[in-house]
Structures are given as structure tokens and as C-alpha cells.
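Chain order of the listed sequences is A and B. Position one of the first sequence corresponds to residue 46 (our numbering), numbered consecutively onward. Position one of the second sequence corresponds to residue 4 (our numbering), numbered consecutively onward.
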Amino acid sequence: MRIILVGCGKIGVALISALVAEGHDMVAMDSRSTVLEELTNQYDVMCMVGNGADCEALQAAGVDRTDLFIAVTGSDELNMLMCFLAKRQGADHTIARIRNPQYNDKSLSFLRQQLGLSMSVNPELLTAQELHHILKLPAASKVETFSRRNFEMVELRLKEDSPLVGGRLMDLRERFRARFLICVVQRGAEVIIPRGDFTLQAGDRIGLTADRVELWKLLKAAGLARKQARNVMLLGGSRIAYYLSKMLLSSGSNVNLIDTDRAVCHKFSDMLPAISTYCGDGTHPELLQEAGLHNQDAFVCLTGMDEENILVAYYAKAQRVGQVIAKVNHDEMARMAEQMGLEIVISPKDVVVNVVIRYARALQSSIGSSIENLYQLMDGKAEALEFIISEEADFTDIPLKELELKKNILIGGILRDRRAIIPDGDDVILPGDRVVVIAGQRRLNALGEILQ
Amino acid sequence: MNRKMVYFLIGRILLLESGLLLLPLAVSIYYADGGLFPFLITIALGLALGCLLCGLFRTDDPVIFAKEGFFVTGLAWLSVSALGALPFVLSGQIPNFIDAFFETVSGFTTTGASILTDVEAMARSMLFWRSFTHWIGGMGVLVLMVAVMPNLSGRTIHVLRAEMPGPTMGKLSPRLRDTAKILYTLYIAMTLLELVLLVAGGMPLFDSAIHTFGTAGTGGFGMKAASIAGYSPYLQWVIAVFMMLFGINFNLYFLLLMRRFRAALRSEELWTYVILIGTATALICWNILPLCAGFSDALRSAFFQVTSISSTTGFSTVDFDQWPTLSRMILVLLMFIGACAGSTAGGLKVSRAVLLFKTTRREIRHLLHPRSVTSVRFEGKPVESATLISIGTYFALYMGLFAAFWFIVSFQPGFDGVTNFTAVASCLNNIGPGFNLVGPAASYAGYSPFFKVVLAFAMLFGRLEIYPMLISLSPSTWLKK
Chain A
46 MRIILVGCGK IGVALISALV AEGHDMVAMD SRSTVLEELT NQYDVMCMVG NGADCEALQA
106 AGVDRTDLFI AVTGSDELNM LMCFLAKRQG ADHTIARIRN PQYNDKSLSF LRQQLGLSMS
166 VNPELLTAQE LHHILKLPAA SKVETFSRRN FEMVELRLKE DSPLVGGRLM DLRERFRARF
226 LICVVQRGAE VIIPRGDFTL QAGDRIGLTA DRVELWKLLK AAGLARKQAR NVMLLGGSRI
286 AYYLSKMLLS SGSNVNLIDT DRAVCHKFSD MLPAISTYCG DGTHPELLQE AGLHNQDAFV
346 CLTGMDEENI LVAYYAKAQR VGQVIAKVNH DEMARMAEQM GLEIVISPKD VVVNVVIRYA
406 RALQSSIGSS IENLYQLMDG KAEALEFIIS EEADFTDIPL KELELKKNIL IGGILRDRRA
466 IIPDGDDVIL PGDRVVVIAG QRRLNALGEI LQ
Chain B
4 MNRKMVYFLI GRILLLESGL LLLPLAVSIY YADGGLFPFL ITIALGLALG CLLCGLFRTD
64 DPVIFAKEGF FVTGLAWLSV SALGALPFVL SGQIPNFIDA FFETVSGFTT TGASILTDVE
124 AMARSMLFWR SFTHWIGGMG VLVLMVAVMP NLSGRTIHVL RAEMPGPTMG KLSPRLRDTA
184 KILYTLYIAM TLLELVLLVA GGMPLFDSAI HTFGTAGTGG FGMKAASIAG YSPYLQWVIA
244 VFMMLFGINF NLYFLLLMRR FRAALRSEEL WTYVILIGTA TALICWNILP LCAGFSDALR
304 SAFFQVTSIS STTGFSTVDF DQWPTLSRMI LVLLMFIGAC AGSTAGGLKV SRAVLLFKTT
364 RREIRHLLHP RSVTSVRFEG KPVESATLIS IGTYFALYMG LFAAFWFIVS FQPGFDGVTN
424 FTAVASCLNN IGPGFNLVGP AASYAGYSPF FKVVLAFAML FGRLEIYPML ISLSPSTWLK
484 K
């Protein structure tokens, strides 16, 4: 694919490196020629000095022949403007980095619609979501959201004592009284799309879909959500901390925040009344003890200093806090910290790169097909594809159990009037629905191919 | 330094050259002129050496930096020339290896300076190979390697930057490999166009091929003692126009192809080049009018010679050594300026000359108004001072090198100052003929072997724009780990 990226800062360069490795044709644009000079020596990209909001510069970069336009400069407004202009000049898809929390609330979907943005990335929000998943779902190795967040699929590894082990899938639904679907199972190196008579074993890695409320109910019933962190301490009142506290508080955790700046503490307690804030230096053990470090289930270091995050994380680990996470921006330092024994190191840069790469892959696969969205499951061994059902489709209004699907194909979810349905055999597909199809070892281009 | 990768790339280059030698091999089979075994032996040797180097120096670490880029480029050109000289020696057409090396370097660097006293006695396949080296060297051996050989790392830009003439290198497409492919596609298309026009004008196919290679690479090896003089005015015009076209930055052709006509025609370098050629042609035409048969004859001779020298090709239709001093002086000046950056031509390059002129103008202005702040603009954009400094340094180095070569060559007994001056200028700027004893009607055969080697190095220095050769030859590159 041909991709233009504007803004070659830390995230920009990380994206270029990853996208070039994926084999895309990259054009990098920045207003600073020194940055580009460095870049062109390292990566096989075309570099152009210029302002991405300058129509002539965009024209020169070949925006009309571009599949994907990515704006990741430091300014939200500039990114939005650039994406708008690029879209108007013929770029197929646009991604903007929008990090100001004010743009990221309710106005975001309106903005995205008006500007024609395919995706907006907010590194802090994405990082906070990732952290939230780690803290709330200790057993899940990955959580995937489909169809504008209406479906979630969690990937779990089944332990010996899991109540899911041993039962046939068709019986499990009865037992847990929840609508859920096990879409994909990885056993050893093999990936299976299971039928109702499939029996789970210990050690299986499963992909499980359910809508939000049901998912939590099920995980609780299956004894998978038991270890989630109830008491969380955050160090550093950054934007990530704000998003994360908001999520944690709304899912019922207690959040303690430590920051050196009194004004920041006040702001947090103004915006999030349920939070407990402590003003002081987080590197002082007394303060940490006073704030109740040893009662915490999890401790997350989110200050702007990598070194401080790593060191304090070690201290917290030594104090036997269950889960310790450090945010580290520099790749080299993250590697060092991991080598020295910190289990979870998170880098906002990596989070953004993963999201954009996943999007680019999906985009590439969907070119020339009727796929709306594509997600990769189980490290790329299976795929979830999203389709919209047209009026002409010949399999509408037939109960799913009567449809003769090909092997290794499964209807994972139906979205009708903004309502998510986890289907069973009696459900039907209607025109206008969005359908998520799970496919293993097979590349689908159109929905018609799922039938035998 | 990543030596393994350097030697590996040299191996690849030798393999590529062996592949290219198949073409003259086919010609020698067609004409049955005794070139078969020399070419076969050379190809076998190239394959053996190439495989050996590629096998011995296979490495998992393909990362190279600017230093390796320069080193590879210098070394590649030396080894390609050494291997390319073998067919001449093995066939006995140029028995002395030094002579053959001079001839091959002159070919690859698109100089066109020859030690042959009787070109017309050469075997056809040898003539073909001699001219074909022009065509390969014009766009560059390493550019060709990047275009045709897969699996090179993203850092090959260092190699390309070292080989491409001009102060800066612009990519035409996101991928280096595609850029190299685009350049070669344009190059091949223009070559074919000229070939067709020449054949249509009644030139035999073999002659057309030889002269097209000479024009495309802006080299100047011909196949007649009188160069182009024996051909019809139409053919002379075609060659003259194409010499001028091959002296233009190839990026502009790409812009034309992308239908960005305005951007292409706004190029400051292009217009300077055209105005330079126009002025020189007018002056010389007026100057030589009394010597010629008529105005059209004078105009054609003047235009042909001006494009030939300024594009650094070196074809001739008349013995311009007999022209008045003013015309000869203009030609010497054109030798130094050369053609546009990013073309197949040599010389200092028009863009550098323009920037030097503008910098000088700014310095003078600054002397008169010490508080004045002005930026130097080129192609509608302000030029960074780092670029200006590097151009100034390049010019100083270039002049210093020119003086050094002139000094060394002066040791050759029996040659006058003008001969030596123009010989060095001609070799360093990759033109070919000079004046007096190395004039268009004479050859470089008179120089003793040592000076032939010196002049061959002058050509390599000129073609690769000094730095790659300087770095390949400096002891620190070889001694340090």
C-alpha cells in the first residue's frame, strides 16, 4: 500500500519503521529537514520537507494515489486539518492523532464523521485501555473489540481447574446461563473453529465473544475474573493516569494517585471525586507506605521519567505488591527493565504502533473485497471479518442452524439496530445487519463464500 | 566498518557485469570476429570471482553506513573496470593491460578518451563492448544493481548517493528499488528512441547502436576515426539534440511522465543549462562563420560541438582544434561546467555552478552591507547553508585535484601545457577529447603507462565526484578495523 505519514517524531518514526517492515511504500513528511535526513539514511522511504496542511505539498507527495494518510504531528488541530485536506484531495483512508481529552469525549464521533477520518488514535487513551485490560482481566492475554466496540472477544488460556474444561460447548451455555460463543480454539499449533459438540481441554487458548455485560458475568461465573485488581495505586498525574483512573473507578476499583504537583492533585480530585490523591514525591518510601502501598493489588508508574518509573516499580515489587507496571517510553530502557525482571513494561509508542499496524493490515486485506473490517486472531492464524448484509443476499431470514456453512467458518456476532446479538442456531440474519464472521485458515473476500 | 557487506556487494557487482557481458558475447557470435573466447573467459572469471566473494562474505548484518557506501562505490568501479578490460587484452586487440584498463575506465566513466590510434581496425564485438560500457556507466553500475537485484537492505541509499552525480539525491518513489527502476526505464526508453531515429535516418543498425550508447551515457566512443563527421546533417542533428537531452536531470523526465509539466519546466537548472548552450552556440557560430560553408553548416557545427562538450560526451563533427581561440576558450569553460545534476553527464554540474555564483554574489553583497541578511534561493526554495558550504568545499577540492593531476601529468616529457591542461580537464570532467596533441583528431596513446593510469584515476575521480575514490584510496579505510 502507499502510505503518507506526516510528523516524524517519536511515534512517527516508530510507525515508519514498522510500516516499512510490513512492506508498504512510505512517504514521510516533516517540516524539519534534519529529522528527515536521519530518516532517509535508515529506512527506505521517500522524505519530503513540507507542511502537511499545505495543499501543494500534499499534491507533490502524491496524496491522490495514497491508500492511507497518517497525521501524527504534535498538534491535534493540525492533524485534523491535514487529514481533512488529504481526504478531500483523494486519500482513501486517514488516521489522525488526537490526544486532547476535550476532543476525545462526545464530540469525537462527530469530528471523525465530519472530517472523514477512518480512525483517530489517542496514545494516552489507548495505553490506558491496555492497562485497564491488564488490570481487570488478569487471565486474558488479549482483548479485541469489534464493530465499533459493540463486541469484545477475549483470548484466554484455560487452566486445569477452569470450569470450562471438559464440557461440550452446547452444554456450556446452559450451565452458565449466559449468551456467549467460543469462536476459535488454539490447541498446540492447530487453530480450530469449534462446533457445538467440541470439548475444551486444559491448555487450550480460546477466543470468546459476548457482549459487554454478559462477558463479565460469564468470566465471573467461570472463575476467570477473580484476580482483578481492586485497589490500584498510580504514580504520576499524566493524561494516561486520568483516563485509567476514570476507567478503573467506573469498573468499581479504588484508585490512589500520587503526584508531586498540588495543582494536578486538585484537578484530579475535582474531575474524579471518588479518587484519593496524595501530594508528594513518589520516590519517598514513607509517602508510599502512608498512602497504603502494601494494601494495593496493583501499582502503576506513569510519570514522565522512564528512570523514575523503573526504579519505583522495583521498589513496589520488593514490597510484594501483586502487579507492578511501569510505563517506559524509550525502547532501549524498556528492554533493559524487562531483562532485569520487571514483568510488565508498557510503552505508549508500541501501543499506537500495534493499533495502526493492525489497521493497515486489515485495510490491505480488505482492498478489492466487500469486507468492512478485518481483525487478526490468534497471532494471525484466524481472522474475524465484518460484513454488511445487502438486500440481495440469499441467506437472509433462515435460521443459522439450517445454513450450510463451510468448514472452519462461524458467525460470531450480529449487530442489528446498534444492538449486539451473540447468535445461536435459531437466530436469523436480516438485510442491513452487520455480521462478524470468524474464519480459520481461509481468506474470504465476500460474504457469499461462507456457504457450501 | 562492515567489510563483509562491502565485499559481498562487490561480488554481486561482478556477477552483474558477467551477465552484461553476454550481450557483446552474442555480438561476437553473430559477427564471428574472434571475440567469443575472450568474452567467454571473462564471463567465467567474473562468475567465479563473484560467486566466491558472495559465498565467502555472506553476512547476516546488511547494515551499512555512509562510509561503506563510498567505499563500495569506489571499489566497485575499480573492479568492474579491471574485469571489463580483460576481453580487450585476451583478444589481443589492446595487448597491454594498462592501455585496456585506460580504455575501459574511459568507457565506464563515460569519458570517451581513447588510446586507440586506429579505431576502425577493431573487431565489432570489441567496439560494441567498448561503447556498451558507456551505456552502463552512464546511469551507474550500482543503480543497475539496485534495480535488478532483490534483497538489498534499505540502507543502499548510501551506495546510490555516492554514485549519483549532483549535490543532492532525490528519490522518485518511496522505494529505492523502484526509483532505480524508474531511472533505468526512462534511460532505456530514451535510448531506444534515439536508436530508432538514427536507424530511420539511414545509419546502419550496428553504427546506430554504437553511437546511441555513446550519446546516452554521454561518453563519446565512436567507431570512425572522424567520429560523427561522415554522417548526414540529419543524423548529426539527432545526435546533438540527444546529447543535450541526456545532459538534463532525469527527475525532470519523471515529472513530465507524471504530467507535472509546470514543475518540470520551472526548473532553474534546466533553463540555465539551455541558456548556456544557446549563448555558447550563438557565439561560436558567429566566430566560426568565416571557416564554414554557410550559416546552416556553422550553426550545426557550433550546436553539435557545444552540446557535445557541455554534456561531456565528446563526439565531434569537425576538428574543433582548428577553430579560433575564442571558440576553443568557450569550449574549455563548458568542459568545467558540465551538464545538469542527476543526468548521465560529468563535470562540475550546472546546479553547483549556479549556486557558487549565487553564494559569491551574496558574499559580495555582505561585504558592502555587513548587516544584510539574504538567503540563497535555488529552484524556488532557500538553500541550507550546510549545502552551500559543501558545494564550496567540493569546488575547492575539485580545483585542488585538478591542479594536482595537472602537476603530475606535467612530468610526462614531450607534451605541452595546453595538451596536459586539456587532457586533465577532459578526463576529470569525463569528456574525452582535449586540444593540441589530445585533440579530436588525435588520441591519448602518446602518454606513457604511468600517466595513463593517472589519467584513468582522474576519470574515476570525476565520474564519482571525488569522495568515493578519495575514501577508497585513503590508507585509513584499509588499515583501520
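Don't be surprised by glycine CBs; every beta carbon is placed ideally from N, CA and C.
Beta-carbon neighbours of residue i, restricted to chain A and to distances below 7 Å
{"i": "arginine 178 (chain B)", "result": "Asp70 and Asp89"}
{"i": "glutamate 272 (chain B)", "result": "Neighbours of glutamate 272 (chain B) on chain A: none; closest Cβ ~18 Å, over 7 Å."}
{"i": "lysine 174 (chain B)", "result": "Met91"}
Identified DSSP bridge partners for residue i
{"i": "glycine 321 (chain B)", "result": "Contrary to the premise, residue 321 (chain B) reads as valine rather than glycine in this sequence. In the DSSP output, where bridge partners are listed per residue, valine 321 (chain B) has none listed."}
{"i": "tyrosine 323 (chain A)", "result": "A:Ile303"}
{"i": "lysine 372 (chain A)", "result": "A:Ile391"}
{"i": "aspartate 351 (chain A)", "result": "Paired residue(s): none; aspartate 351 (chain A) is not in a bridge."}
{"i": "tyrosine 420 (chain A)", "result": "A:Ala429"}
{"i": "lysine 384 (chain B)", "result": "B:Phe381"}
{"i": "threonine 188 (chain B)", "result": "None, per the DSSP bridge assignment."}
{"i": "proline 444 (chain A)", "result": "A:Val473"}
{"i": "glutamine 231 (chain A)", "result": "A:Val236 and A:Arg250"}
{"i": "isoleucine 367 (chain B)", "result": "None; isoleucine 367 (chain B) has no bridge partner."}
{"i": "cysteine 92 (chain A)", "result": "A:Ala73"}
Backbone CA spacing between residue i and residue j [nearest angstrom]
{"i": "leucine 264 (chain A)", "j": "arginine 202 (chain A)", "result": "13 Å"}
{"i": "alanine 371 (chain A)", "j": "valine 80 (chain A)", "result": "29 Å"}
{"i": "aspartate 36 (chain B)", "j": "leucine 89 (chain B)", "result": "16 Å"}
{"i": "alanine 445 (chain B)", "j": "serine 109 (chain B)", "result": "16 Å"}
{"i": "alanine 319 (chain A)", "j": "phenylalanine 432 (chain A)", "result": "41 Å"}
{"i": "glycine 222 (chain B)", "j": "phenylalanine 131 (chain B)", "result": "13 Å"}
{"i": "glutamate 382 (chain B)", "j": "threonine 316 (chain B)", "result": "26 Å"}
{"i": "glycine 325 (chain A)", "j": "alanine 183 (chain B)", "result": "59 Å"}
{"i": "leucine 52 (chain B)", "j": "phenylalanine 135 (chain B)", "result": "22 Å"}
{"i": "aspartate 46 (chain B)", "j": "serine 451 (chain B)", "result": "Reading the sequence as shown, one finds isoleucine at residue 46 (chain B) and not aspartate. The straight-line gap from Cα to Cα measures roughly 30 Å."}
{"i": "glycine 241 (chain A)", "j": "leucine 253 (chain A)", "result": "14 Å"}
{"i": "tyrosine 187 (chain B)", "j": "arginine 15 (chain B)", "result": "18 Å"}
{"i": "histidine 339 (chain A)", "j": "threonine 348 (chain A)", "result": "20 Å"}
{"i": "threonine 284 (chain B)", "j": "alanine 165 (chain B)", "result": "33 Å"}
{"i": "valine 162 (chain B)", "j": "aspartate 63 (chain B)", "result": "19 Å"}
{"i": "leucine 448 (chain A)", "j": "aspartate 216 (chain A)", "result": "21 Å"}
{"i": "aspartate 112 (chain A)", "j": "methionine 142 (chain B)", "result": "32 Å"}
{"i": "serine 211 (chain B)", "j": "glycine 135 (chain A)", "result": "46 Å"}
{"i": "tryptophan 326 (chain B)", "j": "glutamate 106 (chain B)", "result": "27 Å"}
{"i": "glutamate 259 (chain A)", "j": "alanine 223 (chain A)", "result": "6 Å"}
{"i": "leucine 408 (chain A)", "j": "valine 92 (chain B)", "result": "59 Å"}
{"i": "valine 229 (chain A)", "j": "phenylalanine 191 (chain A)", "result": "15 Å"}
{"i": "serine 76 (chain A)", "j": "isoleucine 49 (chain A)", "result": "14 Å"}
{"i": "leucine 171 (chain A)", "j": "glutamine 364 (chain A)", "result": "29 Å"}
{"i": "alanine 405 (chain A)", "j": "isoleucine 242 (chain B)", "result": "50 Å"}
{"i": "phenylalanine 438 (chain B)", "j": "serine 117 (chain B)", "result": "14 Å"}
For residue i, the first and last residue of its enclosing alpha helix (DSSP H)
{"i": "tyrosine 234 (chain B)", "result": "Taken as a continuous stretch (DSSP letters only), tyrosine 234 (chain B) belongs to no alpha helix (DSSP H), as it is neither H nor E."}
{"i": "glycine 22 (chain B)", "result": "6-23"}
{"i": "methionine 215 (chain A)", "result": "214-221"}
{"i": "phenylalanine 257 (chain B)", "result": "253-260"}
{"i": "leucine 119 (chain B)", "result": "Element bounds for leucine 119 (chain B): n/a, residue is neither H nor E."}
Neighbour list for residue i in chain B, Cβ cutoff strictly below 7 Å
{"i": "threonine 85 (chain A)", "result": "Ile160"}
Chain-ordered neighbours of residue i on chain B, where CB pairs are closer than 8 Å
{"i": "serine 78 (chain A)", "result": "Glu387"}
Start and end residues, beta strand (DSSP E) containing residue i
{"i": "methionine 165 (chain A)", "result": "Reading the sequence as shown, one finds serine at residue 165 (chain A) and not methionine. Serine 165 (chain A) -> beta strand (DSSP E) spans 164-166."}
{"i": "glycine 141 (chain B)", "result": "Looking at the DSSP string, glycine 141 (chain B) is not in any beta strand (DSSP E); the run it does join, the alpha helix (DSSP H), is 127-142."}
{"i": "arginine 250 (chain A)", "result": "250-255"}
{"i": "cysteine 100 (chain A)", "result": "Element bounds for cysteine 100 (chain A): not the beta strand (DSSP E) but the alpha helix (DSSP H), 100-105."}
Backbone secondary structure at residue i - three-state DSSP
{"i": "glycine 485 (chain A)", "result": "strand"}
{"i": "glutamate 122 (chain A)", "result": "helix"}
{"i": "proline 471 (chain B)", "result": "helix"}
{"i": "threonine 310 (chain B)", "result": "helix"}
{"i": "threonine 194 (chain B)", "result": "helix"}
{"i": "isoleucine 402 (chain A)", "result": "helix"}
{"i": "proline 355 (chain B)", "result": "First, the amino acid is wrong: residue 355 (chain B) is arginine here, not proline. Reduced to three states, the DSSP call for arginine 355 (chain B) is helix."}
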